[in-house]
Structures are given as C-alpha cells and as structure tokens.
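Novice: Mapping to the working numbering: the sequence shown position 8 is 141, numbers consecutive. Built from N, CA and C at the ideal position, the CB exists for glycine as well. The structure displayed is predicted, hence computed values, not measured ones.
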Amino acid sequence: MIDSAFLDFLERTAIAAGAEILLVRQSGAVVSYKSDATPVTGADERAEALILAALAERYPDIPVVAEEQTSAGHCPDCGAGRFFLVDALDGTKDFIQGRDEFTVNIALIDGEVPVAGVVHAPAMRRTWRGGPDGADTAEIGPDGSIIGRVRIRTRPMPARPTAVKSFSHSETDTETFLAGIPEHDTAVIGSSLKFCIVAEGKADIYPRLVNLMQWDTAAGDAVLRAAGGVTLTPEGGPVLYGQRDGSYANSRFVSLGCSEVPDWMPSGR
C-alpha cells in the first residue's frame, strides 16, 4: 500500500490543506480557545475538513484520528490497527504570531508504528515525506507544483551535536535533559519542523519531555524514522502510537538522528 502513489496522494492533500491555511492567514484568522485552553482558528478547521474529505474518498476503510475532530468528541478507537493521524495545523501559536514555522501533518500508523508521513510547511513552501523506501524533501511552487525533490538522510552523531527545541514553549524537564547531555549547540524552531531538521542531517537530537498528543508528532516521526533516525522514551524504550486509556496522548520522547543510541542516553549505559 505504501508506494510512491500513496505518498504522492498524502503530499498533494497536505499541499492543498496548506493553501487553505494561507488563504485564512491572508484574510485574517479569528482565534478562539478550546476547553483545554489551546488556541484554534478557522485555518485549523478548514485544513482538517479538506484532509478528512480526501482521506475518506480515497481510503474509506482506514479510520482517521484528527485533532479538531477529537476535540469535538469524534474519535475512533483504532487499537493497534492501521489508522491515519492528522494534525492539520501544527504550530498554531506560531501561525497566530505571524511566524512561518507551522505545518500540515498526515501520518499512517500500522502496528503502533508511524510507517509513512508527510509534513508540509505552507509558508516556507517546503514538504518532507517518508516511508519504507526512505525520506525526501521538496520545494513547492506557488501553484502547488513540486519544483525539486531531494533524498534526505540523518547524519552520524557528531562530537558536538546540535539539539532542536521549541520556539513557543518553555519546558523545564526538556531544559534539564539538555543540561545533562554533552556539550552541544541549540537551534530553536517551531512545530514538527524539528523532526525534519534532524531528518535532513542538520541537527542531531530533539528531546520533548512534556505530554503531547500523538498527532503532534506522528508525521514528523515517520519522516525521521524513514531518514534513519529513531524516537525513544527518555528511558530508551520504543515510542508507540495508538489509543491508551481512552486517549491518544503521546509519550515523552527523545528523537535522534543516529540509529546507534549514544552512551549518554539511558539505554546506552
């Protein structure tokens, strides 16, 4: 199922959703707040509606777990089966603040693992995707066309690694983790783009020691894994996807560009 045609479809769908987001930004997004106090805009809703309609038409037998749909009380129990995870606008705070570091995210989960995913950054005109045959990135033209596509791969862990962390969130546990690793450089970037930077071999480690939702990470994680990276719990175990205790909450995690876990990670000791 996961072939170039499948990834092309996910990519086209993400690009179309990104165009909706940019239209809302151009006209001025109205911000409201959900019950958990997180912001939502018409861009989130329009992009998600487009993605849900496209997935339902092309893959009607595969359930979809999507952020805004779940907030509205519509969330299927997919167990350990195959399902899509969708975050139509990751980095809503960056979007509201006028930054360009927001993304459209679509991932396919199979056997609790993100086996394929697309991350699209509409304002940056870039897309990343990954599947069983590897990962790539492409520039996107003003008309949504693919201008160029380049294969990407993570890099071996350097003596002085580069860590990426969130622009919009200050996290005590994440900062504590970073303070405990060897000397390193730090890059600050929004949304799921942090996974993509590691996947491209431009950074080496992305720790996130807060509780996120699985749709926040699945697509970027899929790209990273396809590019040769890994995503682990802070204790070094696997990060798995699927409903647990009625929720699609995510594990705290550390993503690495190298497949060999360094000795300063708990599992490497």
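In whole angstroms, give me the CA-to-CA distance for Ala152 and Val248.
Specialist: About 26 Å.
Novice: Determine the burial state of Thr146: buried for a count of at least 16 other Cβ atoms within 10 Å of its Cβ, exposed for fewer.
Specialist: Answer is buried; the Cβ neighbour count reaches 16.
Novice: For Ala296, write down the residues that DSSP places opposite it in a beta bridge.
Specialist: Paired residue(s): Thr319 and Ile338.
Novice: In terms of residue numbering, what span does the beta strand (DSSP E) encompassing Trp261 cover?
Specialist: Taken as a continuous stretch (DSSP letters only), the beta strand (DSSP E) holding Trp261 covers Arg259 to Gly264.
Novice: Mark Arg341 as exposed unless 16 or more other C-beta atoms lie within 10 angstroms of its C-beta, in which case mark it buried.
Specialist: With 16 or more other Cβ atoms within 10 Å, it is buried.
Novice: So what does DSSP say about Leu140, is it helix, strand or coil?
Specialist: In this structure, Leu140 counts as helix in the three-state DSSP scheme.
Novice: Around the C-beta of Arg377, are 16 or more other C-beta atoms found within 10 angstroms, so that it is buried, or is it exposed?
Specialist: Counting Cβ neighbours within 10 Å, Arg377 comes out exposed, since fewer than 16 surround it.
Novice: What is the DSSP secondary structure of Pro255, counted as helix, strand or coil?
Specialist: In the structure shown, Pro255 sits in a helix (DSSP, three-state: H, G or I).
Novice: Would you list the residues sitting across from Thr364 in a DSSP beta bridge?
Specialist: DSSP lists Ser388 as partners of Thr364.
Novice: On the criterion of 16 or more Cβ atoms from any shown chain inside 10 Å, does Ala199 qualify as buried, or is it exposed?
Specialist: Buried, since its Cβ has 16 or more Cβ neighbours within 10 Å.
Novice: Is the Cβ of Gln376 closer than 8 Å to any Cβ of chain D?
Specialist: As a matter of chain content, chain D is missing from the structure shown, which is built from one protein chain.
Novice: Do you know offhand how far Asp337's Cα is from Val343's?
Specialist: Near 19 Å, if we compare the C-alpha coordinates of Val343 and Asp337.
Novice: Determine the closest residue to Gly244 out of Arg259, Gly214 and Asp223, with distance taken between C-alpha atoms.
Specialist: The shortest Cα separation from Gly244 among Arg259, Gly214 and Asp223 belongs to Gly214.
Novice: Contact between the segment 348–365 and the segment 225–242: three or more CB pairs below 8 Å?
Specialist: Because the criterion of three Cβ pairs below 8 Å is met, the segment 348–365 and the segment 225–242 touch.
Novice: Between the beta-carbon of Thr236 and the beta-carbon of His253, is there less than 8 Å?
Specialist: Contact: yes.
Novice: Which residues in the same chain as Asp210 place their Cβ atom closer than 7 Å to its Cβ, once the five residues preceding and following it in sequence are excluded?
Specialist: So the qualifying residues of the chain are Gln376.
Novice: Would you kindly report the start and end of the unbroken beta strand (DSSP E) that includes Thr174?
Specialist: Counting along the chain, the beta strand (DSSP E) containing Thr174 begins and ends at Pro172 to Thr174.
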